[in-house]
Amino acid sequence: MEGHDSTAVNIVEETPKERKGKAPLLATPPGGSSTRKPLAVVQPGAPKAAAAGYRRGLAVFDVVLRIAGVATALAAAIAMGSTDQTLPFFTQFFQFKASYDDLPAFTFFLIANAITATYLVLTIPISIVCILRPKAVKPRVVLMFFDAVMVALTTSAAGGAASIVYLAHNGNSDANWPAICQQFNDFCQKISGAVVASFLSVVVLMALVVLSAFSL
Numbered sequence: 028m029e030g031h032d033s034t035a036v037n038i039v040e041e042t043p044k045e046r047k048g049k050a051p052l053l054a055t056p057p058g059g060s061s062t063r064k065p066l067a068v069v070q071p072g073a074p075k076a077a078a079a080g081y082r083r084g085l086a087v088f089d090v091v092l093r094i095a096g097v098a099t100a101l102a103a104a105i106a107m108g109s110t111d112q113t114l115p116f117f118t119q120f121f122q123f124k125a126s127y128d129d130l131p132a133f134t135f136f137l138i139a140n141a142i143t144a145t146y147l148v149l150t151i152p153i154s155i156v157c158i159l160r161p162k163a164v165k166p167r168v169v170l171m172f173f174d175a176v177m178v179a180l181t182t183s184a185a186g187g188a189a190s191i192v193y194l195a196h197n198g199n200s201d202a203n204w205p206a207i208c209q210q211f212n213d214f215c216q217k218i219s220g221a222v223v224a225s226f227l228s229v230v231v232l233m234a235l236v237v238l239s240a241f242s243l
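Numbering of the sequence shown is given in this note's numbering, commencing with residue 28 and proceeding in unit increments.
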């Protein structure tokens, strides 16, 4: 029209050749539903939480084993310390009596098991600290080292006492050592029970070493 400026806008239609190389638009299939599956969201702290729970469970089992070890070691020490039998017959110059302190192996057995029981009692608080702080490494290393030392001590004491118990039951004809358990029946029963309880303490201590290794 005359008297007005007109502006012409040219709309250029894009040809298929010009659209080549561009990312195609995502089309929604008929029905309006998308076929893409949502991505799963993984929390970064989940594996760490699972590892902490695993270590905490091992620490709880560690405390239970230490309490059991205290019971077995203390039972072995008490059984050996209370072993004393006197036969009802005697002569004018000699009385037949058997006691644990007559043999150094049994005395060492009593001391070693008492030390083991005391050690396990003192380490229970450290094991409880490992429950509260499952990521702590130094307490576990300390416990594993001293547990291994207690394994050696208790095994040596139980092994030495077991050899004496064997001689008491069977004797040794080559060394002219007669079996005494036919006369001192109560004495032999108590020392045999003490040795069995001590070997149970050895099993508990070995399990504690394995638990500490798994926790590390």
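By construction, the Cβ of each residue, glycine as well, lies at the ideal position given by its N, Cα and C atoms.
Please read all numbers here as calculations on a predicted model, not as lab measurements.
Selected residue, minimal CA-CA separation from residue i, among the options
i	options	result
A106	F88, C215, D89, R167	C215
F135	S126, G187, P205	G187
T99	G220, A240, D111, S239	G220
Y127	S154, T110, A139	T110
A125	L235, V192, S239	V192
I158	V222, G84, S190	G84
H196	A184, A132, A234, N212	N212
I218	A141, L137, A175	L137
First and last residue of the uninterrupted alpha helix (DSSP H) at residue i
i	result
G187	165 to 197
I250	The structure shown does not extend to residue 250, since the chain is modelled only from 28 through 243, so no value can be given for it.
D213	212 to 242
Whole-number beta carbon distance between residue j and residue i, since they are thought to touch under 8 Å
i	j	result
P152	A86	Going by Cβ atoms, the distance from P152 to A86 rounds to 12 Å, so no, they are not a contact pair.
A224	A102	5 Å
- Three or more C-beta pairs closer than 8 Å, one from the segment 91 to 98 and one from the segment 158 to 167: is that the case here? no
- Does the segment 195 to 205 come within contact of the segment 143 to 153, defined as at least 3 CB pairs closer than 8 Å? no
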